[in-house]
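Worksheet for the structure shown next.
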Amino acid sequence: MVPVRSGLRPPPDRLRRRLNQALTPQRKVRLSINIRKEKPSDAQSIYDITVAAFLEAPHTDHTEQFIVKALRESGALSISIVAENEGNIVGHVALSPVTISDNEDSWYGLGPISVLPNNQNKGIGSKLMNAAIQELKSIKAKGCVLLGDPNYYHRFGFKPSEGLILPDVPTEYFQALSLQGEIPQGIVTYHESFSAKG
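Following numbering that gives the first Met the number 0, the numbering of the sequence shown begins with 0 at its first residue and continues without gaps.
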């Protein structure tokens, strides 16, 4: 959305595109993104990226970096995938097991997912999401849950499911993706690492 000052109107889309092409061609850098699993040497970069990604985010207590670290140290970081651009890590996604009160097993929670602020809105988050889903399929996971914007995560097949509950969270923001069978019913509990504060 282009900010509009009083009395001024933004140029038509066609003109705006031409202006962008004429005035800022040098800023349009094509990213060469490599998606891979985390290596031990990536831990500090992942920590830093997670801090940066959530620094200005609403609805957070800024503990995401501690959660990832605690998951890794407890052995509960089941899947950890990074996005690299020219050898530099610019994004990360974590997955860990969740428990469901109906005793359904092999379900995972996705998050945190982080992309450096200056690399957001360039498709990196989508690449990480698709890689995470493929990795879940490869380990025969039954499904995945996450907490986030339904308008964004709907494109990956996630949707709210009546009867699958994360306490104290609006139902439309808690979403599930079944990879095998039906979505279970019950109360979801994330790993204790999600209580990490430092």
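Note that beta-carbon positions come from the ideal geometry of N, C-alpha and C, so glycine has one too. Every value quoted in this text rests on a predicted model; they were computed, and no experiment measured them.
If Val89 sits next to Asn120, beta carbons under 8 Å apart, how far is it from one beta carbon to the other, in whole angstroms?
Locating residue 89 in the sequence shown gives position 90, counting from the first residue. Locating residue 120 in the sequence shown gives position 121, counting from the first residue. 12 Å between Cβ atoms; not a contact.
Environment of Arg71 [buried if 16+ CB atoms lie within 10 Å]
To locate residue 71, count along the sequence shown from 1; it is residue 72. Buried.
Just reading off the beta strand (DSSP E) that Glu83 is part of, what are its end residues?
For this step, residue 83 is matched to residue 84 along the sequence shown. Looking at the DSSP string, the run of the beta strand (DSSP E) that includes Glu83 is 78-84.
Rounded to whole angstroms, what is the Cα-Cα separation between Ser192 and Ser73?
Translated into the one-based positions of the sequence shown, residue 192 becomes position 193. Translated into the one-based positions of the sequence shown, residue 73 becomes position 74. Ser192 and Ser73: Cα-Cα distance of roughly 8 Å.
Status (buried if at least 16 other CB within 10 Å, exposed otherwise) for Ala56:
Along the sequence shown, one-based indexing puts residue 56 at 57. It counts as exposed.
Helix, strand or coil: how does DSSP classify Tyr172 here?
One-based indexing of the sequence shown puts residue 172 at position 173. The answer is helix: DSSP assigns Tyr172 an H, G or I state.
Leaving out the 5 sequence neighbours to the left and right, which residues in its chain are closer than 8 Å to Ala195 when beta-carbon positions are compared?
Taking the sequence shown and counting its residues from 1, one reaches residue 195 at position 196. The answer, listed in chain order, is Thr62, Phe65, Ile66, Lys68, Ala69.
Are at least three pairs of beta-carbons, each pair with one atom in the stretch 129-145 and one in the stretch 39-57, less than 8 Å apart?
no
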